[in-house]
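If you read the sequence shown in the UniProt record's numbering, its first letter stands for residue 1, the second for the next number, and so on.
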Amino acid sequence: MDPDTKNGVYYASAPEAEAGTVTLPSTNDDEDENQERGNWSRKMDFFLSCLSYAVGLGNVWRFPYICARNGGGAFLIPFFAMLFITGIPLVFMEMSFGQFASSGVVSIWSVAPLFQGVGWAMFVVSVLIAIYYNMIIAWTLYYLFASFAKVLPWSFCGPWSTEGCFEDRSVISNCTQFGGVWHNSSCVTNSSVGAEMFQQIKNVSNMSALDHHSPSDDYFHSVVLDITKGVDEMGAVRWQLALCLLGAWLLVCICLSRGIKTSGKAVYFTAFFPYIVLTILLVRGLTLDGSVDGIIYFLMPQWDQLLNAKVWGDAAVQIFFSLSPCWGGLITLSSYNKFHNNCRLDAILVSIMDCLTSVFAGLVIFAIIGYMAHELHVKVEDVATEGAGLAFVVYPEVVTNLPISQLWAVLFFAMLITLGLGTQIATVTTVHTTLLDQFPQLFRKGRRQMMLLGAVAVSCYLVGLAFCSRGGMYVLQLFDNYAATYSLLFIGLVECVALSWVYGTERFFDDIELMLGDRPGRIWAISWKFVAPIALAVILIFTCVNFTPTTYGDYSFPGWADGIGLILTLSSILAIPGVAIFKIVKERQTNGGSFLQCAKKLMKPLPEWGPALKTHRMEQAQAAGAEPSNFESQVPLTFTATNGNSAAMVNPAATKI
1 MDPDTKNGVY YASAPEAEAG TVTLPSTNDD EDENQERGNW SRKMDFFLSC
51 LSYAVGLGNV WRFPYICARN GGGAFLIPFF AMLFITGIPL VFMEMSFGQF
101 ASSGVVSIWS VAPLFQGVGW AMFVVSVLIA IYYNMIIAWT LYYLFASFAK
151 VLPWSFCGPW STEGCFEDRS VISNCTQFGG VWHNSSCVTN SSVGAEMFQQ
201 IKNVSNMSAL DHHSPSDDYF HSVVLDITKG VDEMGAVRWQ LALCLLGAWL
251 LVCICLSRGI KTSGKAVYFT AFFPYIVLTI LLVRGLTLDG SVDGIIYFLM
301 PQWDQLLNAK VWGDAAVQIF FSLSPCWGGL ITLSSYNKFH NNCRLDAILV
351 SIMDCLTSVF AGLVIFAIIG YMAHELHVKV EDVATEGAGL AFVVYPEVVT
401 NLPISQLWAV LFFAMLITLG LGTQIATVTT VHTTLLDQFP QLFRKGRRQM
451 MLLGAVAVSC YLVGLAFCSR GGMYVLQLFD NYAATYSLLF IGLVECVALS
501 WVYGTERFFD DIELMLGDRP GRIWAISWKF VAPIALAVIL IFTCVNFTPT
551 TYGDYSFPGW ADGIGLILTL SSILAIPGVA IFKIVKERQT NGGSFLQCAK
601 KLMKPLPEWG PALKTHRMEQ AQAAGAEPSN FESQVPLTFT ATNGNSAAMV
651 NPAATKI
């Protein structure tokens with residue numbers, strides 16, 4: 001029996017119609033509406049999956065720095081303005097798109113086959129992100145294991161340390177604060193050696209505390225990475241990192257062992273645990289000297305920055321990359337929703353909570369950075385940093401000065417793992433689902449889904465071993481700079497044009513109204529047709545204009561390395577025109593016609609476009625005032641509804657259960 005129901009209305013096939021009665025499938029939320037692909041067991045599973053996907057490492061180690069650099073509290077005005085202008089509309093567009101068709105990022109483009117390359121571009125981006133993002137989780141696993149040591153290994157200068165390593169940099173700060181110079185492991189002053197000698201020493205040894213390496217800095221670069229001098233010197237694979245990367249992929253596979261049924265349970269931990277840890281760290285941070293200074297620096301508004309176009313550009317870029325549209329994750333996660341889920345409310349709540357989380361994380365991070373600045377007797381801005389430097393250098397140095405330092409280290413790195421895992425689960429789900437939907441006869445049988453997941457994980461792991469080499473950090477920097485920056489903006493721009501102009505907002509509104517029961521307001525059409533595409537185009541231009549060659553610390557990458565990065569960018573972007581040209585050529589060979597005629601034909605939805613279930617397709621046809629020819633055998637009839645221990649004869653034409 002085909003379980004096509006909507007609000008209790010069951011449309012039976014011809015054989016069931018002849019019998020006169022049928023048994024209504026259970027309407028419990030736990031049961032799948034789409035038996036072939038499956039659905040989220042609970043609505044909350046989807047919501048938390050999207051929240052875990054959006055709230056990632058960037059909320060903790062990028063936003064606080066960007067906010068402080070661009071006017072502090074004043075930056076929140078353009079940040080939240082961009083949230084409502086472009087962020088929420090893009091998230092709602094992708095959620096409703098995926099939910100309506102219940103399809104992966106490639107097969108969903110039956111809406112306009114000419115643009116199927118957009119789906120393949122999203123797929124390529126997700127593959128590239130899945131490959132390198134897990135390496136960051138692997139580093140975090142390394143630190144988590146090291147945090148259980150009796151003495152934190154980055155709390156002292158060991159045999160691995162460089163010449164500039166200094167365990168207590170506050171001693172140097174105290175020296176320079178009172179006009180002295182740190183020279184040959186002692187503080188030299190004017191009075192101790194005489195004015196002439198002091199000036200000579202000062203000329204060669206005038207190094208502040210920040211000019212010396214902390215043990216945590218040396219530990220990360222000399223022990224964890226054992227980094228080489230440049231990208232042209234890759235070195236051997238470090239087995240410790242290879243094991244940690246294997247562990248990271250095992251975690252992902254465990255969370256996805258039964259698809260969304262297990263990942264939907266895992267997100268209850270990956271979504272809530274970071275908030276618990278952030279709250280604990282904030283409470284602890286506020287008890288530290290200098291923490292308030294750090295928070296003031298983070299929130300103090302510099303109103304003149306609102307007139308700076310770069311600040312608005314950074315706000316738009318941060319919103320776009322924080323909410324993660326155009327990766328394919330939102331479309332994929334939404335495709336497992338039940339047809340009438342209120343995805344508009346989900347889009348609004350996920351977007352707002354993601355941005356509020358960024359602000360909350362900023363308070364935590366700058367409370368800690370303020371404490372470190374206080375200990376070193378330097379300005380907060382001299383300590384503030386972003387990215388791996390914050391997670392694996394600054395914070396580890398801070399915890400060494402705290403009582404029970406192992407506890408704070410374990411909490412912090414466990415939080416980073418859950419933040420990364422939430423994003424990685426959704427990214428791998430996108431890759432996995434795309435292949436399942438493209439080759440259902442091959443992979444949607446028995447244990448083949450799990451075998452496919454294993455094949456994806458093994459393939460990504462083998463490629464990811466390049467990041468485990470001594471020069472792996474340089475490779476990761478190239479991936480981070482090029483794999484999902486310019487390409488995502490271009491993908492988003494084409495996606496907006498395809499849905500709002502080619503398919504049309506009115507038809508898209510019809511689809512959304514069918515799902516939600518009410519038609520979206522005109523403000524959504526204005527955003528999708530004009531505001532979002534223009535904003536994406538401006539951000540793309542802004543990003544290209546502000547392009548700088550790749551660097552890591554003081555090291556500048558050679559030109560050929562950035563050339564490889566450009567290839568990474570083009571590997572996804574070229575799928576869009578490439579697939580379009582392939583489709584047009586194939587259409588001309590099959591049905592004839594000019595290039596332009598074939599292109600116009602391929603802009604129209606295919607017959608298979610629409611809801612996945614026949615019941616919803618019939619509902620769509622009825623809403624359009626048409627009689628669907630492919631549903632003559634599906635007629636409403638009187639049937640037996642079974643719910644728990646009760647049974648009753650129901651006429652679905654008159655009653656909705």
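For glycine and all other residues, C-beta sits at the position ideal for the given N, C-alpha and C. As the structure is a prediction and not an experimental result, all values here were calculated from the model.
Bridge-paired residues (DSSP) for residue i
i    : result
Y552 : Y555
T469 : Rather than Thr, the amino acid found at residue 469 in this sequence is Ser. In the DSSP output, where bridge partners are listed per residue, S469 has V237.
H165 : According to the sequence as given, residue 165 is Cys; it is not His. Per DSSP, H213.
Endpoints, the alpha helix (DSSP H) within which residue i is located
i    : result
L442 : P440 to F443
R37  : R37 -> no alpha helix (DSSP H), and no H or E assigned at all.
F63  : F63 to R69
R519 : Counting along the chain, R519 falls outside any alpha helix (DSSP H), and DSSP gives it neither H nor E.
V458 : R448 to G464
M135 : Q116 to A146
L299 : S291 to L299
Y219 : Unbroken run through Y219: none, as it is neither H nor E.
D382 : V380 to V383
V545 : A532 to V545
E608 : Note, E608: premise wrong, no alpha helix (DSSP H); not H, not E.
T590 : A575 to N591
K601 : F595 to L602
Which of helix, strand or coil DSSP assigns to residue i
i           : result
V277        : helix
H374        : helix
C326        : coil
V55         : coil
T5          : Its pLDDT being 41, under 50, T5 is placed unreliably in this model, and the value from its coordinates should be taken loosely. Correct three-state label for T5: strand.
H340        : coil
V231        : coil
C255        : helix
S103        : coil
residue 658 : What the structure shows of the chain is the stretch from 1 to 657, and residue 658 is not part of that stretch, so it cannot be assessed.
M618        : helix
F490        : helix
residue 678 : Nothing about residue 678 can be reported from this structure: the residues present for the chain run from 1 to 657 only.
T357        : helix
V151        : coil
T287        : coil
S335        : coil
A484        : coil
G563        : helix
A623        : helix
residue 664 : Any property of residue 664 remains undetermined from this structure, which presents the chain solely from 1 to 657.
G72         : helix
N612        : Inspection of the sequence shows that residue 612 is occupied by Ala rather than by Asn. Coil at A612, not helix or strand.
L570        : helix
D226        : coil
Any C-beta of chain C under 8 Å from that of residue i
i    : result
T543 : Absent from the structure: chain C. Only one protein chain is present.
Starting from the N-terminal side, write out each stretch of the alpha helix (DSSP H) that is 4 residues or longer and does not extend beyond the region 393-435.
Counting whole runs of 4 or more residues, the region 393-435 contains the alpha helix (DSSP H) stretches 395-399.
At least 3 beta-carbon pairs within less than 8 Å: the region 378-397 vs the region 92-111:
no
Count the C-beta pairs between the region 112-126 and the region 215-228 that are closer than 8 Å, then say yes if the count reaches three, no if not.
Not touching, per the Cβ criterion.
Does the region 71-80 come into contact with the region 434-445, if we say contact requires no fewer than three beta-carbon pairs (one atom in each stretch) closer than 8 Å?
no
Cβ contact check for the region 459-479 and the region 545-552: 3 or more pairs under 8 Å
yes
The region 487-499 / the region 529-549 touching (three or more Cβ pairs under 8 Å)
yes
Inspect the CB distances between the region 609-625 and the region 89-104 and report whether three or more fall short of 8 Å.
yes
So, do the region 352-359 and the region 320-336 have three or more beta carbon pairs nearer to each other than 8 Å?
yes
The region 236-249 / the region 461-476 touching (three or more Cβ pairs under 8 Å)
yes
Can you confirm whether the region 264-282 touches the region 50-57 when touching is taken to mean that 3 or more C-beta pairs between the two stretches lie within less than 8 Å?
Below 8 Å, enough C-beta pairs join the region 50-57 and the region 264-282 to call them touching: three or more.
When the Cβ atoms of the region 402-415 are set against those of the region 142-162, are three or more pairs found closer than 8 Å?
yes
Quick check: the region 514-526 against the region 284-300, are at least 3 beta-carbon pairs closer than 8 Å?
When C-beta atoms of the region 284-300 are compared with those of the region 514-526, fewer than three pairs fall below 8 Å, so the two segments do not count as touching.
Any contact between the region 83-101 and the region 295-313? By contact I mean 3 or more CB pairs, one from each, below 8 Å.
no
Quick test of the definition: if touching needs 3 or more C-beta pairs under 8 Å, does the region 37-44 touch the region 332-352?
yes
Would the region 420-430 and the region 251-264 be scored as touching if the rule is three or more Cβ pairs under 8 Å?
In short, these stretches touch, since the Cβ pair count reaches three.
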